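Protein chains in written order, with our numbering: chain A, -9 to 272; chain B, 539 to 848; chain C, 163 to 552.
Every residue, glycine too, gets a C-beta built ideally from N, C-alpha and C.
Given the structure is predicted, the values throughout are model-derived calculations rather than measurements.
Structure record follows, encoded as structure tokens.
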Amino acid sequence: MAENVLRLEDITMQFGGVVAVDNFSMEVNKGEIVALIGPNGAGKTTAFNCITGVYEPTNGRVTLHGEVIVENHPQGKMKDLYKGENNGKYTNVVSHTPDKITYREIARTFQNIRLFKALTVFDNVLIAKHMRAKHNVFSSTFRFSAKEERRMRDEALSLLEEQNLLHLKDSIASSLPYGLQRRLEIARALATEPSIILLDEPAAGMNPQETFELTSFIRQIREEYKLTVFMIEHHMDLVMKISDRIYVLDFGKMISHGTPTEVQNDQKVIDAYLGVVEDAED
Amino acid sequence: MDFFNTTLPYMLSGISVGGQYALIAIGYTMVYGILRLINFAHADVFMVSALLMVYAVSTYSVMLFLAIPLVVTLTVLLGFTIERVAYKPLRNAPRMSVMVSAIGVSYLLQNLALYITGGLNKNYPTIPWLSDSITVFGAMTKRVTVVTPFLTIALVIVLVMLIQRTKIGTAMRAVAKDFETSQLMGIKINSVISMTFIIGTFLAGIGSILYFTNYPGVTPQAGAMPGLKAFVAAVFGGIGSVPGAVLGGFTIGICESLIKGMDSILVSVGILKEPLELATFSDAFTFVLLIVILVFKPTGLLGEKISDKV
Amino acid sequence: MENKKTQNITTVVGIVFLLLLVIVLEQIISPTSTMAMLLTVTKKSAIYAVVAVSMNLLNGFTGLFSLGQAGFMLMGAYTYAIFTIPRAERDAVYYYYDQAMELSFPEVFGNALGSVGFLLGVLLAIILGGLVAAAVAYVIGFPVLRLKSDYLAIATLGFAEIIRALFQWTKLGPITNGANPLKNYVRLNSFKIEMGDTTIGLSTFTTLLFATICIGIMVMLINSSYGRAFKAIREDEVAAEAMGINLYKHKQIAFCISCFFAGVGGAMLAMFANTVQANNFKSNMTFEILLIVVLGGIGSVSGSCIGAVLFVFAAEWWLRGLDSGKWLFINAPGVLRNGFRLVVFSVGIMIVILFFRRGIMGDKELPYYAKRIRDRFIINKPKAGEKENG
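In structure tokens, the structure reads:
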């Protein structure tokens, strides 16, 4: 049995009366590439946000390397509003700000690229090194931690070199072409030294050639940085080619999971994507 | 009875000044609702309006019944011009640039007033009926104190009808909800924004007449404090909401006035033996209220919730 | 890397030269000549530069739009004044109150260590002024720093007003002297060396030196890893958080440091002026500083310095004639009377705001422009080949 890296248990996210993610449980094992797919508005990014601390799920638990990083149950006004299941199963409340989650070795990218636009490529990566550096504001200002600073710079440089971005290190991030911005965003995420990386639609806006290159790129970083990859993606060829396992969300509910072939042949998935003539009741 | 007699005058002046704050606050809240801009110059428009009255009546001896509409018209014109000259060119600039521009206009208006008045305190003309002294429950006050709240409420009702019932009002609500989409829907945003400024400065002009009738004089700095407080009133009530601004205006006016009298009120009830000089904090209290409301309900009492998407 | 080193050396040499120049000028210019104004405005602009850079640290580099600068300057100024009024003068200053403080740092240290001790005492009082401001910033940061852009601006503005009221409260009179001014504390003109008949005045030099140190520290902060984290927050809070930067902690650090230097600036302003009075620290002062920052360019330290110099020189010196009937070749006593200077000045500022939105320097620093000018004029140097990688 493979080692469990990330585990979601009964995650429900309800905004007011709207249930965006409904009782979603899943797990990602060490070294796997797992994809989360589903039609637009299925709650995929919301699930990501629940893991990374941007949102606090209404109910459920997230475990990373066996440590509970997120746990919640309906409280206050939500007690009456709650429409999900497993109410009462969880009693603890564990909640971290996104930076604390990143510190626990989860890195992420964003659906609509969020680089530090006005800063250079080098600074973008260097900033991600800030978190793990041993310094404080005084030692950093007065250059007592110059050694640490040099280490950060060297590591950032070698990371840029590995990602073939070194020649662009002094360019302003927003001036890069789209594909390279995606690449930089991944490089920046890698700089936080993660053990698992969450990619939110890494191929969005890429042409077929770039998408094709992305396939080998994701495999390559998994090998080089001993990563586990969990990604949201719409490009089916990419997903089917690269994923070890796939989870399918529709209207917040998990409707299918399994290997690419299993999912591909699941009638429920086909219905969700192509639409199905439903009875008058709905 | 002692308590009632001590409190009443403060309560009265609180309601009155609250109504005046409300009138200024509407200008802030409507502009913020549409442009997301804290219009720092609004307070100075309010001050300039008072100076216009001073010069119209004292220097150029315009008859009062003509001076009032004239001054209000000029005030509106000023508000309209400021928007066209200082804010419109920055429509696509970052929000901070527009705010800085507003601060710049405020600085300019104050310096202009300083130059023209020579920094002297100008006596505000006496407006016959409004300035008359009357007695309310045994407390002496000017008639304006009693008139203000009623006039404020009447104006606000008209304004709310305008926003809810008319075409331009609907356009205003649409622009406040979504600037870009309403532009795409064919709403002429520039005329909507101008209209907002016209309404805002009109009310500030009226507010200025009411406010300065109760105060001895006008200085270039005279607008700053009431302006800031009116803005706090707008935030307190929920920025973007007209009823909220009114609610905020009255709350802040009354609180401020009660704090001015807090020492004598507390002494009269017997809680305090000697005064604590709390009146120093009558201005500061407004800001304490502001920070408290921002921490516990950042959108204000009647404001709508806005969330950003990740 | 090599380039950066030369850059740093050039900067240091430039500053040392400037300081030496000031020492010389200070001895040459007689206090009664018209050029004496040069020294006065130099001092004031150095002080404003410190405060402007401190504001830029928040508004320009961290993206926190704070308008509380005047309040923090007030705290610095009061703290400094309270701890430097000599004992003998206290009864005259606190005329209406029984003063609670009897401690004067320069006096205590001066008695023990002579003139070095005096200097130490003054320094201590300045730093204490900054620390008080920073400590208060730390406390109010808890509620205020969670607010978004405009709300933060208005809350800090309001906070400055609260501070101003508090310092005027009669119940605090024994410490703050209520609404009355504090005076007779150690001022800038105490900085001089007396040798027999000749005095070497050092007040301008000292101001400039202090300002240089303060701005230098802020520049070092901005160029450090923490400075980069601040910029990341300015660029995108969500992404910064996802990169492991604790938003609240870093905002708090930026806020406290900015307020520390605002406090130090306030203390220096107190040394520059004759008196300290809460009513001089109104929101207008904050707005002036903000205009300096905008004038120089948001996000540029050298811009803030240049902005401060232009602002103070223009407002206090170059445009003086506009107030007194005669300016350059224009002679029109009717129009050019008191206050006209500020009108012209504010029109100028509006022009910058509307038409030169990025200010003088944009978000670039002086060396960037120096390099561009050099590149333009020295084209045929063999170095050009190396550039491709740089």
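9 Å Cβ cutoff met for residue i and residue j
i: residue 784/B; j: residue 640/B; result: no
i: residue 616/B; j: residue 587/B; result: yes
i: residue 106/A; j: residue 394/C; result: yes
i: residue 204/A; j: residue 196/A; result: yes
i: residue 319/C; j: residue 445/C; result: yes
i: residue 263/C; j: residue 245/C; result: yes
i: residue 90/A; j: residue 0/A; result: no
i: residue 364/C; j: residue 375/C; result: no
i: residue 247/A; j: residue 16/A; result: yes
i: residue 757/B; j: residue 827/B; result: no
i: residue 190/C; j: residue 645/B; result: no
i: residue 24/A; j: residue 220/A; result: yes
i: residue 423/C; j: residue 382/C; result: no
i: residue 67/A; j: residue 111/A; result: no
i: residue 643/B; j: residue 742/B; result: no
i: residue 372/C; j: residue 212/C; result: yes
i: residue 237/C; j: residue 302/C; result: no
i: residue 241/C; j: residue 299/C; result: no
Rounded distance between the beta-carbons of residue j and residue i, thought under 8 Å
i: residue 159/C; j: residue 260/C; result: Because residue 159/C is not part of the residues shown, which for chain C are 163 to 552, the question remains open.
i: residue 188/C; j: residue 201/C; result: 6 Å
i: residue 581/B; j: residue 782/B; result: 19 Å between Cβ atoms; not a contact.
i: residue 304/C; j: residue 286/C; result: In fact, because the Cβ distance is near 28 Å, the residues do not count as touching under 8 Å.
i: residue 522/C; j: residue 465/C; result: 6 Å
i: residue 855/B; j: residue 773/B; result: Nothing can be reported for residue 855/B, as the shown portion of chain B is limited to 539 through 848.
i: residue 751/B; j: residue 668/B; result: 5 Å
i: residue 778/B; j: residue 786/B; result: At roughly 12 Å, the Cβ-Cβ gap does not stay under 8 Å, so residue 778/B and residue 786/B are not in contact.
i: residue 483/C; j: residue 652/B; result: Going by Cβ atoms, the distance from residue 483/C to residue 652/B rounds to 18 Å, so no, they are not a contact pair.
i: residue 396/C; j: residue 224/C; result: 6 Å
Neighbourhood of residue i by C-beta distance below 7 Å, restricted to the same chain and skipping five residues each side
i: residue 745/B; result: 558, 561, 562 and 584
i: residue 554/C; result: An answer regarding residue 554/C cannot be provided, because it is not within the stretch 163 to 552 covered by chain C.
i: residue 322/C; result: 230, 232, 233, 445 and 448
i: residue 166/C; result: none
i: residue 638/B; result: none
Extent of the continuous alpha helix (DSSP H) to which residue i belongs
i: residue 412/C; result: 409 to 434
i: residue 580/B; result: 580 to 592
i: residue 273/C; result: 267 to 275
i: residue 237/A; result: Premise fails: residue 237/A lies in the beta strand (DSSP E), 235 to 240, not in any alpha helix (DSSP H).
i: residue 464/C; result: 463 to 475
i: residue 286/A; result: No answer is possible for residue 286/A: the residues shown for chain A start at -9 and end at 272.
i: residue 52/A; result: Where residue 52/A is concerned, there is no enclosing alpha helix (DSSP H), although the beta strand (DSSP E) it sits in stretches over 49 to 54.
Own chain, CB closer than 6 Å to residue i, minus 5 neighbours either side, in chain order
i: residue 549/C; result: Low local confidence applies: a pLDDT of 42 at residue 549/C is under 50, so the model's placement there is unreliable, and no value is given.
i: residue 311/C; result: 227
i: residue 53/A; result: -3
i: residue 672/B; result: 681
i: residue 529/C; result: 169
i: residue 315/C; result: 227 and 229
i: residue 470/C; result: 207, 210, 211, 214 and 454
i: residue 32/A; result: 239 and 240
beta-carbon residue i near the ligand GDP non-hydrogen atom, thresh 8 Å
i: residue 594/B; result: Of ligands this structure carries none, so the ligand GDP is not represented either.
Element boundaries [beta strand (DSSP E), containing residue i]
i: residue 4/A; result: -6 to 5
i: residue 834/B; result: That residue, residue 834/B, is in no beta strand (DSSP E); its alpha helix (DSSP H) goes 820 to 834.
i: residue 456/C; result: Careful: residue 456/C lies outside any beta strand (DSSP E), inside the alpha helix (DSSP H) at 445 to 458.
i: residue 25/A; result: 23 to 27
Close Cβ partners of residue i (< 8 Å) along its chain, the five nearest in sequence each way excluded
i: residue 794/B; result: 552, 555, 767, 820, 821, 823 and 824
i: residue 832/B; result: 773
i: residue 208/A; result: 23, 189, 192, 219, 221 and 232
Point to revise | Every unbroken alpha helix (DSSP H) within the stretch 69 to 136 of chain A, with a cutoff of 4 residues, ordered by chain | key: Restricting attention to alpha helix (DSSP H) runs no shorter than 4 residues, the stretch 69 to 136 of chain A encloses them at 88 to 93, 111 to 119 and 127 to 131, ordered along the chain.
Practice item. Only counting runs of 4 or more residues, tell me where the alpha helix (DSSP H) segments fall wholly within the stretch 601 to 651 of chain B, in order along the chain. Key: Those alpha helix (DSSP H) runs which fall completely within the stretch 601 to 651 of chain B and span 4+ residues are 602 to 620.
Check your understanding: Residue ranges of each alpha helix (DSSP H) run of no fewer than 4 residues wholly in the stretch 494 to 524 of chain C, ordered along the chain?
Key -> Taken in chain order, the complete alpha helix (DSSP H) segments of 4 residues or longer contained in the stretch 494 to 524 of chain C are 502 to 517.
Check your understanding: Can you list the alpha helix (DSSP H) stretches of 4 or more residues lying completely in the stretch 746 to 812 of chain B, in chain order?
Key -> With a minimum length of 4 residues, the unbroken runs of alpha helix (DSSP H) contained wholly in the stretch 746 to 812 of chain B fall at 762 to 775, 780 to 798 and 800 to 807.
Check your understanding: Can you list, in chain order, the stretches of the beta strand (DSSP E) that have 3 or more residues and sit fully within the stretch 270 to 312 of chain C?
Key -> Qualifying beta strand (DSSP E) stretches: none in this window.
Practice item. Go through the stretch 307 to 392 of chain C residue by residue and report every complete run of the beta strand (DSSP E) that reaches 3 residues or more, in order. Key: Listed in chain order, they are 354 to 357 and 360 to 363.
**Study point:** Length at least 4, wholly inside the stretch 161 to 219 of chain A: the alpha helix (DSSP H) runs in chain order
**Key:** For the stretch 161 to 219 of chain A, whole alpha helix (DSSP H) runs of length 4 or above, ordered along the chain, are 168 to 180 and 198 to 214.
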